[in-house]
Amino acid sequence: MLAILGGSGLTQLANLEVTHRQVVRTPYGEPSGALTFGRIGKRDVVFLARHGYGHTIPPHLVNYRANIWALKHSAAAGQVVSVASVGGIRADLGPGALVVPQQIVDYTWGRKSTFHESIEQPVVHIDFTEPYDNELRCQLIAAAQRCGAALSSGGVYAATQGPRLETAAEIGRLERDGADMVGMTGMPEAALAREAELPYATIAVVANWAAGRGNNSHSISFDSLERVLSEGIGRVHTVIESFCEVG
Ligand code: HPA
3 MLAILGGSGL TQLANLEVTH RQVVRTPYGE PSGALTFGRI GKRDVVFLAR
53 HGYGHTIPPH LVNYRANIWA LKHSAAAGQV VSVASVGGIR ADLGPGALVV
103 PQQIVDYTWG RKSTFHESIE QPVVHIDFTE PYDNELRCQL IAAAQRCGAA
153 LSSGGVYAAT QGPRLETAAE IGRLERDGAD MVGMTGMPEA ALAREAELPY
203 ATIAVVANWA AGRGNNSHSI SFDSLERVLS EGIGRVHTVI ESFCEVG
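The numbering of the sequence shown is the numbering used here, which starts it at 3 and goes up by one.
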């Protein structure tokens, strides 16, 4: 079972032949919505919209624990592909680019970021040297190559708290820290997937230049954001279809 966690611009999977939906409860509360089950090509797929199906849950209020728990235990997912919109920092990551990041720097705070915090449970320190599953990353890149979609491999994802966008100085700091792109939902999602022993990788869709970059020297232009995002998500659909051609 392949799980797909959709972000901004991806509240439903157009190419999913839906078989059923399931409302689930978890020991960590309610996930962002019902799980949507179906099939794409040769794969059984479960889809969940991270921000809710009406896009109403801001990044800092997403119940990341419930989402990952539901995918693992209610849907028996064996892999998680997360789709996330980002701002581009690196010069070649302009609006519309698709990228499979390799590393994360976490700037979020106050989010529930472990499954293991009850006093009866021993503390767990997962290895997070490589935050994304390398095999899954390679499979996504191979899928993009098969269908001729441009998908760059590598780069550092900076996870910020949001929901506001960053200042230009903050983007300068993220860049000095080594970040290539910035988004608000990559953490603690990736760490929780690792705790749950779920292979996890992200397809990041660059929706805009980050603050102070590209043509955003004074403010972020939202004019073309929706169009760029939906066009990028269209290409994500193609990559996922190609990924699912292999059983
Ligand atoms: N910053 C943070 N998160 C984002 C951005 C951004 O510029 N664009 C899309 N998600």
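Cβ atoms here follow ideal geometry from the backbone N, Cα and C, with glycine treated the same way.
Just so we're clear, the structure is a prediction, and the values are computed from it rather than from any experiment.
How far does the alpha helix (DSSP H) with LEU100 in it reach, from first residue to last?
No alpha helix (DSSP H) holds LEU100; the beta strand (DSSP E) holding it covers 100-102.
What does DSSP give as the partner residues of LEU176 in its beta bridges?
According to DSSP, which records beta bridges pairwise, LEU176 is partnered with nothing at all.
Quick one: residues in its chain with C-beta nearer than 6 Å to the C-beta of LEU4, no 5 flanking neighbours on either side, listed in chain order?
Result list for LEU4: ARG45, VAL47, GLN81, in chain order.
Check whether the Cβ atoms of THR169 and ALA213 sit closer than 9 Å, and answer yes or no.
In contact: THR169 and ALA213 (Cβ atoms closer than 9 Å).
Between which two residues does the alpha helix (DSSP H) harbouring ALA145 extend?
Counting along the chain, the alpha helix (DSSP H) containing ALA145 begins and ends at 136-149.
For GLU42, write down the residues that DSSP places opposite it in a beta bridge.
Residue identity differs from the one stated: residue 42 is Ile in this sequence, not Glu. Partner(s): ARG45.
On the DSSP bridge list, what partners appear for ALA51?
Paired residues: GLY8.
Shortest alpha-carbon distance to ALA216 belongs to which of PRO97, ALA16, SER84?
In the sequence as displayed, the identity of residue 216 is Gly instead of Ala. It is PRO97.
Alpha carbon to alpha carbon, how far is GLN104 from ALA78?
Between GLN104 and ALA78, the C-alpha separation is close to 25 Å.
Are there any heavy atoms of ligand 1 lying less than 8 Å away from the beta-carbon of ILE186, as far as the coordinates show?
At residue 186 the sequence reads Met, which differs from the Ile that was named. Within the cutoff, so yes.
For ligand 1, any of its heavy atoms closer than 8 Å to the Cβ of ALA171?
Every heavy atom of ligand 1 is 8 Å or more from the Cβ of ALA171, so no.
In the DSSP output, which residue or residues are listed as bridge partners for VAL107?
Looking at the DSSP assignment, VAL107 forms a beta bridge with ALA160.
Would you say ASP108 and ALA193 are within 9 Å of each other, going by their C-beta atoms?
Yes, the pair counts as a contact, with Cβ atoms nearer than the cut-off.
Tell me the residue span of the alpha helix (DSSP H) that contains ASN1.
One cannot answer for residue 1 here, as it falls past the ends of the chain, which runs 3 to 249.
Considering only their Cβ atoms, is the gap separating VAL126 from GLU197 smaller than 9 Å?
Closer than 9 Å, so yes.
By a C-beta neighbour count over all protein chains shown, 10 Å radius and 16 as the cutoff for buried, is GLY157 buried or exposed?
Buried, since its Cβ has 16 or more Cβ neighbours within 10 Å.
Cutting at 6 Å between CB atoms, please list the residues of its own chain near ALA99, excluding the five before and the five after it.
The residues are VAL208.
When burial is assigned at 16 or more other CB atoms within 10 Å of the CB, is THR131 buried or exposed?
Its Cβ having fewer than 16 others within 10 Å, THR131 is exposed.
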